[in-house]
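Worksheet: the structure to be examined is printed underneath.
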(Lines of atoms letter the chains of each structure in order from A; the text may use other names.)
(Lines give C-alpha, C1' and ligand atoms only; values in the text may rest on other atoms or scores of the structure.)
Protein backbone atom coordinates (compact mmCIF):
# COMPACT_ATOMS: atom_id res chain seq x y z
CA UNK A 4 0.00 0.00 0.00
CA UNK A 5 1.83 3.07 -1.16
CA UNK A 6 0.57 6.39 -2.49
CA UNK A 7 1.72 8.63 -5.31
CA UNK A 8 -0.45 11.71 -5.82
CA UNK A 9 -0.21 14.89 -3.75
CA UNK A 10 -2.50 15.41 -0.78
CA UNK A 11 -4.34 18.62 0.09
CA UNK A 12 -2.18 21.39 1.48
CA UNK A 13 -3.70 20.92 4.92
CA UNK A 14 -1.92 17.58 5.18
CA UNK A 15 1.88 17.83 5.47
CA UNK A 16 3.68 16.09 2.66
CA UNK A 17 5.79 13.06 3.43
CA UNK A 18 9.48 13.63 2.68
CA UNK A 19 10.64 11.65 -0.33
CA UNK A 20 13.20 9.76 1.74
CA UNK A 21 10.40 8.42 3.97
CA UNK A 22 8.25 7.34 1.05
CA UNK A 23 11.11 5.55 -0.63
CA UNK A 24 11.84 3.45 2.45
CA UNK A 25 8.18 2.41 2.72
CA UNK A 26 8.00 0.84 -0.74
CA UNK A 27 9.01 -2.84 -1.03
CA UNK A 28 11.97 -3.31 -3.35
CA UNK A 29 12.00 -6.14 -5.88
CA UNK A 30 14.77 -7.39 -8.11
CA UNK A 31 14.54 -9.69 -11.11
CA UNK A 32 17.04 -12.00 -12.75
CA UNK A 33 16.49 -10.01 -15.96
CA UNK A 34 16.15 -6.30 -15.11
CA UNK A 35 13.09 -4.55 -16.50
CA UNK A 36 14.06 -2.02 -19.16
CA UNK A 37 12.61 1.49 -19.54
CA UNK A 38 11.23 0.38 -22.91
CA UNK A 39 9.32 -2.47 -21.25
CA UNK A 40 7.90 -0.08 -18.66
CA UNK A 41 6.80 2.41 -21.32
CA UNK A 42 5.16 -0.33 -23.40
CA UNK A 43 3.30 -1.69 -20.37
CA UNK A 44 2.12 1.80 -19.41
CA UNK A 45 0.82 2.42 -22.93
CA UNK A 46 -1.02 -0.91 -22.93
CA UNK A 47 -2.70 -0.07 -19.63
CA UNK A 48 -3.71 3.43 -20.73
CA UNK A 49 -5.42 2.10 -23.86
CA UNK A 50 -7.20 -0.76 -22.08
CA UNK A 51 -11.00 -0.57 -21.93
CA UNK A 52 -12.55 -1.71 -18.66
CA UNK A 53 -16.16 -2.94 -18.52
CA UNK A 54 -19.03 -1.07 -16.87
CA UNK A 55 -20.24 -2.86 -13.73
CA UNK A 56 -23.89 -2.65 -12.69
CA UNK A 57 -24.90 -3.41 -9.12
CA UNK A 58 -27.84 -3.38 -6.75
CA UNK A 59 -26.82 -1.63 -3.52
CA UNK A 60 -28.16 -4.38 -1.30
CA UNK A 61 -29.02 -3.41 2.29
CA UNK A 62 -27.66 -6.77 3.42
CA UNK A 63 -24.14 -6.16 2.08
CA UNK A 64 -23.85 -2.79 3.82
CA UNK A 65 -25.25 -4.32 7.01
CA UNK A 66 -22.70 -7.14 6.91
CA UNK A 67 -19.86 -4.64 6.54
CA UNK A 68 -21.20 -2.66 9.51
CA UNK A 69 -21.31 -5.87 11.56
CA UNK A 70 -17.79 -6.78 10.44
CA UNK A 71 -16.36 -3.43 11.55
CA UNK A 72 -18.46 -2.96 14.69
CA UNK A 73 -16.08 -4.71 17.16
CA UNK A 74 -13.23 -2.48 15.96
CA UNK A 75 -15.18 0.79 15.81
CA UNK A 76 -17.04 0.07 19.09
CA UNK A 77 -20.38 0.62 17.38
CA UNK A 78 -23.64 -1.05 18.39
CA UNK A 79 -25.16 -2.62 15.26
CA UNK A 80 -28.45 -4.58 15.57
CA UNK A 81 -27.68 -8.05 14.23
CA UNK A 82 -30.88 -8.60 12.26
CA UNK A 83 -32.03 -5.11 11.32
CA UNK A 84 -30.34 -3.88 8.13
CA UNK A 85 -30.95 -0.25 7.25
CA UNK A 86 -33.07 -0.33 4.08
CA UNK A 87 -33.03 3.31 2.98
CA UNK A 88 -30.90 6.44 2.95
CA UNK A 89 -27.36 7.12 1.71
CA UNK A 90 -24.87 4.29 1.97
CA UNK A 91 -22.33 5.02 4.73
CA UNK A 92 -19.04 6.58 3.64
CA UNK A 93 -16.65 3.84 2.57
CA UNK A 94 -19.33 1.21 2.00
CA UNK A 95 -19.08 1.66 -1.77
CA UNK A 96 -15.94 -0.48 -1.50
CA UNK A 97 -18.03 -3.65 -1.14
CA UNK A 98 -20.15 -2.89 -4.22
CA UNK A 99 -19.25 -3.13 -7.94
CA UNK A 100 -16.90 -6.12 -7.54
CA UNK A 101 -15.00 -7.30 -10.64
CA UNK A 102 -17.32 -9.72 -12.43
CA UNK A 103 -14.67 -12.23 -13.46
CA UNK A 104 -14.72 -16.00 -13.84
CA UNK A 105 -11.94 -17.86 -12.07
CA UNK A 106 -10.12 -18.23 -15.40
CA UNK A 107 -9.46 -14.46 -15.37
CA UNK A 108 -7.73 -14.52 -11.99
CA UNK A 109 -3.94 -14.55 -11.80
CA UNK A 110 -2.10 -17.26 -9.81
CA UNK A 111 -2.03 -14.97 -6.75
CA UNK A 112 -5.81 -14.49 -7.00
CA UNK A 113 -5.69 -10.89 -8.23
CA UNK A 114 -7.54 -9.37 -11.20
CA UNK A 115 -6.12 -10.06 -14.68
CA UNK A 116 -7.99 -7.09 -16.23
CA UNK A 117 -6.12 -4.62 -14.03
CA UNK A 118 -2.70 -6.22 -14.36
CA UNK A 119 0.11 -4.99 -16.65
CA UNK A 120 1.15 -8.64 -17.08
CA UNK A 121 4.61 -10.20 -16.81
CA UNK A 122 6.97 -9.43 -15.21
CA UNK A 123 4.79 -7.25 -12.91
CA UNK A 124 3.26 -10.13 -10.99
CA UNK A 125 2.86 -8.41 -7.60
CA UNK A 126 0.56 -5.60 -6.59
CA UNK A 127 -0.32 -3.55 -3.55
CA UNK A 128 -2.70 -0.72 -2.72
CA UNK A 129 -0.97 2.66 -2.84
CA UNK A 130 -3.68 5.15 -1.87
CA UNK A 131 -6.50 7.11 -3.38
CA UNK A 132 -9.16 9.77 -3.19
CA UNK A 133 -12.94 9.80 -2.68
CA UNK A 134 -15.17 12.65 -3.92
CA UNK A 135 -18.80 12.48 -2.82
CA UNK A 136 -21.71 14.42 -4.34
CA UNK A 137 -23.52 14.98 -1.04
CA UNK A 138 -26.59 16.34 -2.87
CA UNK A 139 -26.92 13.15 -4.94
CA UNK A 140 -25.61 10.24 -2.86
CA UNK A 141 -25.71 6.56 -3.65
CA UNK A 142 -28.74 5.15 -1.82
CA UNK A 143 -29.21 1.82 -0.09
CA UNK A 144 -31.50 -0.36 -2.19
CA UNK A 145 -30.86 1.57 -5.42
CA UNK A 146 -29.55 0.21 -8.68
CA UNK A 147 -26.28 1.82 -9.74
CA UNK A 148 -23.51 1.43 -12.29
CA UNK A 149 -19.75 1.87 -12.18
CA UNK A 150 -17.72 3.25 -15.07
CA UNK A 151 -14.00 2.63 -14.64
CA UNK A 152 -10.97 3.73 -16.61
CA UNK A 153 -7.22 3.71 -16.16
CA UNK A 154 -6.55 7.40 -15.62
CA UNK A 155 -2.77 7.50 -15.32
CA UNK A 156 0.33 5.31 -15.14
CA UNK A 157 3.56 6.58 -13.64
CA UNK A 158 6.85 4.72 -13.89
CA UNK A 159 9.15 4.73 -10.86
CA UNK A 160 12.20 2.62 -11.64
CA UNK A 161 10.81 -0.84 -12.42
CA UNK A 162 7.49 -0.16 -10.66
CA UNK A 163 4.22 0.93 -12.27
CA UNK A 164 1.86 3.18 -10.28
CA UNK A 165 -1.56 2.84 -11.94
CA UNK A 166 -4.43 5.19 -11.07
CA UNK A 167 -7.95 3.90 -11.71
CA UNK A 168 -10.84 6.35 -11.86
CA UNK A 169 -14.12 4.75 -10.74
CA UNK A 170 -17.24 6.87 -11.30
CA UNK A 171 -20.44 5.57 -9.67
CA UNK A 172 -23.84 6.63 -10.95
CA UNK A 173 -27.33 5.99 -9.66
CA UNK A 174 -29.32 4.04 -12.23
CA UNK A 175 -31.38 6.56 -14.20
CA UNK A 176 -28.80 9.28 -13.56
CA UNK A 177 -26.31 7.49 -15.79
CA UNK A 178 -27.24 8.68 -19.29
CA UNK A 179 -24.96 8.82 -22.32
CA UNK A 180 -24.72 12.26 -23.95
CA UNK A 181 -24.47 12.87 -27.67
CA UNK A 182 -20.67 12.90 -27.55
CA UNK A 183 -20.42 9.71 -25.53
CA UNK A 184 -19.98 11.59 -22.25
CA UNK A 185 -22.18 11.28 -19.18
CA UNK A 186 -24.83 13.99 -19.09
CA UNK A 187 -25.29 13.62 -15.31
CA UNK A 188 -22.72 13.90 -12.55
CA UNK A 189 -21.73 10.76 -10.67
CA UNK A 190 -22.69 10.30 -7.03
CA UNK A 191 -19.16 9.25 -6.12
CA UNK A 192 -15.81 9.31 -7.90
CA UNK A 193 -13.05 7.19 -6.45
CA UNK A 194 -9.45 7.30 -7.62
CA UNK A 195 -7.43 4.33 -6.43
CA UNK A 196 -3.73 3.86 -7.12
CA UNK A 197 -2.18 0.40 -7.29
CA UNK A 198 1.54 -0.24 -7.50
CA UNK A 199 2.76 -3.21 -9.54
CA UNK A 200 6.17 -4.78 -8.87
CA UNK A 201 8.18 -7.18 -11.00
CA UNK A 202 8.83 -10.70 -9.81
CA UNK A 203 11.71 -11.07 -7.38
CA UNK A 204 12.72 -11.29 -3.71
CA UNK A 205 11.06 -8.87 -1.33
CA UNK A 206 12.88 -6.60 1.12
CA UNK A 207 10.89 -5.30 4.06
CA UNK A 208 10.73 -1.56 4.66
CA UNK A 209 13.04 -0.52 7.49
CA UNK A 210 11.78 2.93 8.50
CA UNK A 211 8.41 4.54 9.12
CA UNK A 212 7.26 8.13 9.29
CA UNK A 213 6.55 8.68 13.03
CA UNK A 214 3.13 9.89 14.18
CA UNK A 215 3.51 13.21 16.00
CA UNK A 216 -0.15 14.24 15.99
CA UNK A 217 -2.24 13.98 19.16
CA UNK A 218 -5.47 12.14 18.42
CA UNK A 219 -8.80 13.68 19.45
CA UNK A 220 -10.71 10.45 18.84
CA UNK A 221 -9.83 6.91 17.85
CA UNK A 222 -9.74 3.20 18.63
CA UNK A 223 -7.03 0.60 19.20
CA UNK A 224 -7.50 -3.04 18.18
CA UNK A 225 -5.79 -6.21 17.00
CA UNK A 226 -6.52 -7.39 13.46
CA UNK A 227 -7.67 -10.99 12.95
CA UNK A 228 -7.84 -13.56 10.16
CA UNK A 229 -11.63 -13.55 10.56
CA UNK A 230 -11.70 -9.83 9.76
CA UNK A 231 -9.67 -10.33 6.58
CA UNK A 232 -11.74 -13.29 5.43
CA UNK A 233 -15.00 -11.40 5.90
CA UNK A 234 -13.74 -8.31 4.07
CA UNK A 235 -12.33 -10.45 1.25
CA UNK A 236 -15.71 -12.16 0.90
CA UNK A 237 -17.65 -8.89 0.90
CA UNK A 238 -15.36 -7.39 -1.76
CA UNK A 239 -15.06 -10.58 -3.87
CA UNK A 240 -11.29 -10.43 -3.42
CA UNK A 241 -9.25 -13.61 -3.84
CA UNK A 242 -5.79 -12.02 -3.49
CA UNK A 243 -3.76 -14.58 -1.56
CA UNK A 244 -1.74 -12.06 0.46
CA UNK A 245 -4.93 -11.56 2.51
CA UNK A 246 -5.95 -15.22 2.83
CA UNK A 247 -2.98 -17.60 2.51
CA UNK A 248 -0.40 -17.20 5.26
CA UNK A 249 2.16 -19.49 3.63
CA UNK A 250 1.85 -17.69 0.29
CA UNK A 251 2.23 -14.28 1.89
CA UNK A 252 5.27 -15.39 3.89
CA UNK A 253 7.03 -17.81 1.54
CA UNK A 254 6.19 -16.36 -1.88
CA UNK A 255 5.85 -12.64 -1.13
CA UNK A 256 8.33 -12.44 1.75
CA UNK A 257 6.04 -10.75 4.29
CA UNK A 258 5.91 -11.66 7.96
CA UNK A 259 2.23 -12.59 7.79
CA UNK A 260 -1.11 -11.93 6.14
CA UNK A 261 -1.57 -8.36 4.90
CA UNK A 262 -4.66 -6.31 5.67
CA UNK A 263 -6.43 -4.83 2.65
CA UNK A 264 -5.79 -1.20 1.74
CA UNK A 265 -9.54 -0.59 1.27
CA UNK A 266 -10.23 -2.21 4.65
CA UNK A 267 -8.17 0.53 6.29
CA UNK A 268 -10.14 3.11 4.29
CA UNK A 269 -13.47 1.59 5.38
CA UNK A 270 -12.34 1.66 9.01
CA UNK A 271 -11.22 5.29 8.84
CA UNK A 272 -14.47 6.32 7.14
CA UNK A 273 -16.43 4.39 9.77
CA UNK A 274 -14.52 6.14 12.54
CA UNK A 275 -15.21 9.53 10.97
CA UNK A 276 -18.92 8.79 10.52
CA UNK A 277 -19.08 7.81 14.20
CA UNK A 278 -17.44 11.12 15.11
CA UNK A 279 -19.78 13.15 12.88
CA UNK A 280 -22.86 11.39 14.32
CA UNK A 281 -25.02 12.58 11.42
CA UNK A 282 -24.31 16.28 12.01
CA UNK A 283 -22.11 16.53 8.89
CA UNK A 284 -21.33 14.42 5.85
CA UNK A 285 -18.07 13.43 4.21
CA UNK A 286 -17.38 15.43 1.04
CA UNK A 287 -13.93 14.07 0.18
CA UNK A 288 -11.10 11.95 1.52
CA UNK A 289 -7.57 11.70 0.12
CA UNK A 290 -5.01 9.35 1.62
CA UNK A 291 -1.68 7.59 1.23
CA UNK A 292 -0.71 4.11 2.35
CA UNK A 293 2.75 4.31 3.87
CA UNK A 294 3.35 0.92 5.51
CA UNK A 295 1.71 -2.52 5.43
CA UNK A 296 -0.72 -3.68 8.11
CA UNK A 297 -0.48 -7.30 9.25
CA UNK A 298 -2.86 -9.74 10.88
CA UNK A 299 -2.42 -10.33 14.61
CA UNK A 300 -0.81 -6.97 15.32
CA UNK A 301 -2.20 -4.01 17.25
CA UNK A 302 -3.10 -0.83 15.38
CA UNK A 303 -4.68 2.48 16.22
CA UNK A 304 -7.07 4.39 13.97
CA UNK A 305 -7.40 8.02 14.94
CA UNK A 306 -8.52 11.46 13.89
CA UNK A 307 -7.99 15.12 14.65
CA UNK A 308 -10.04 18.13 13.58
CA UNK A 309 -8.29 20.75 11.45
CA UNK A 310 -10.76 23.61 11.70
CA UNK A 311 -14.51 23.23 11.16
CA UNK A 312 -14.49 21.32 7.88
CA UNK A 313 -11.33 19.19 7.73
CA UNK A 314 -10.32 16.12 9.69
CA UNK A 315 -6.95 14.41 9.54
CA UNK A 316 -7.27 10.63 9.79
CA UNK A 317 -4.59 8.01 10.18
CA UNK A 318 -3.80 4.42 11.05
CA UNK A 319 -0.82 3.95 13.36
CA UNK A 320 1.50 0.93 13.43
CA UNK A 321 2.66 -0.84 16.63
CA UNK A 322 5.97 1.02 16.20
CA UNK A 323 4.23 4.40 16.27
CA UNK A 324 4.51 5.14 12.55
CA UNK A 325 1.93 6.00 9.92
CA UNK A 326 0.45 3.05 8.05
CA UNK A 327 -2.25 5.16 6.38
CA UNK A 328 -2.56 8.94 6.47
CA UNK A 329 -5.20 11.16 4.90
CA UNK A 330 -7.37 14.26 5.05
CA UNK A 331 -11.16 14.37 4.91
CA UNK A 332 -13.37 17.34 4.12
CA UNK A 333 -16.84 17.45 5.67
CA UNK A 334 -19.91 19.64 5.10
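Residue numbers (this note's numbering): 4 to 334. Backbone N, C-alpha and C define an ideal beta-carbon position, used for all residues, glycine too. Every value quoted in this text rests on a predicted model; they were computed, and no experiment measured them.
Heavy atom of the ligand FAD less than 6 Å from the Cβ of residue i, yes or no?
i, result
"residue 257", "With respect to the ligand FAD, the structure offers nothing, as it holds no ligand at all."
Quick one: what's got a C-beta closer than 6 Å to residue i's C-beta in the same chain, skipping five residues either side?
i, result
"residue 300", "321"
"residue 65", "84"
"residue 173", "145, 147 and 190"
"residue 91", "276"
"residue 72", "79"
"residue 216", "307"
Taking the straight line between their C-alpha atoms, what separation do you get for residue i and residue j?
i, j, result
"residue 232", "residue 111", "16 Å"
"residue 162", "residue 189", "31 Å"
"residue 329", "residue 254", "31 Å"
"residue 196", "residue 166", "4 Å"
"residue 308", "residue 268", "18 Å"
"residue 211", "residue 302", "14 Å"
"residue 296", "residue 326", "7 Å"
"residue 316", "residue 194", "18 Å"
"residue 229", "residue 39", "40 Å"
"residue 30", "residue 198", "Confidence at residue 30 is low in this model, with a pLDDT of 41, below 50, so its placement is unreliable and the value that follows should be read with caution. In a straight line, the C-alpha of residue 30 is about 15 Å away from that of residue 198."
"residue 239", "residue 100", "6 Å"
"residue 106", "residue 241", "12 Å"
"residue 251", "residue 138", "42 Å"
"residue 314", "residue 34", "43 Å"
"residue 124", "residue 311", "44 Å"
"residue 323", "residue 187", "44 Å"
"residue 170", "residue 132", "12 Å"
"residue 41", "residue 48", "11 Å"
"residue 331", "residue 82", "31 Å"
"residue 290", "residue 225", "22 Å"
"residue 134", "residue 140", "11 Å"
"residue 248", "residue 294", "19 Å"
"residue 168", "residue 154", "6 Å"
"residue 52", "residue 214", "38 Å"
"residue 57", "residue 104", "17 Å"
"residue 46", "residue 160", "18 Å"
In its own chain, which residues sit with a C-beta less than 7 Å from the C-beta of residue i, not counting the 5 before and 5 after it?
i, result
"residue 44", "156, 158 and 163"
"residue 283", "333 and 334"
"residue 50", "153"
Let me check understanding here. Comparing Cα to Cα, which of the options lies closest to residue i?
i, options, result
"residue 262", "271, 246 and 274", "246"
"residue 218", "244, 305, 226 and 73", "305"
"residue 94", "200, 54, 324 and 285", "285"
"residue 88", "102, 36, 334 and 281", "281"
"residue 266", "216, 243, 318 and 259", "318"
"residue 333", "272, 82 and 98", "272"
"residue 149", "221, 97 and 37", "97"
"residue 235", "216, 215 and 260", "260"
"residue 237", "70, 37 and 41", "70"
"residue 200", "82, 119 and 288", "119"
"residue 243", "37, 108 and 53", "108"
Please list, in chain order, all residues of the same chain as residue i whose beta carbon is under 8 Å from its beta carbon, the five residues on each side excluded.
i, result
"residue 62", "84"
"residue 142", "59, 87, 88, 89, 90 and 173"
"residue 55", "99, 100, 101, 102, 148, 149 and 151"
"residue 136", "188, 189, 190 and 191"
"residue 287", "132, 133, 134, 135, 331 and 332"
If residue i and residue j are in contact, beta carbons under 8 Å, what's the gap, nearest whole angstrom?
i, j, result
"residue 298", "residue 223", "Actually they are not in contact, since the Cβ atoms of residue 298 and residue 223 sit about 16 Å apart, beyond 8 Å."
"residue 274", "residue 221", "7 Å"
"residue 122", "residue 202", "5 Å"
Any beta carbon from chain B within less than 7 Å of residue i's own beta carbon?
i, result
"residue 159", "Absent from the structure is chain B; it holds one protein chain and no more."
With three or more C-beta pairs closer than 8 Å as the rule, is the region 113-126 touching the region 66-74? no
Inspect the CB distances between the region 72-81 and the region 128-144 and report whether three or more fall short of 8 Å. no
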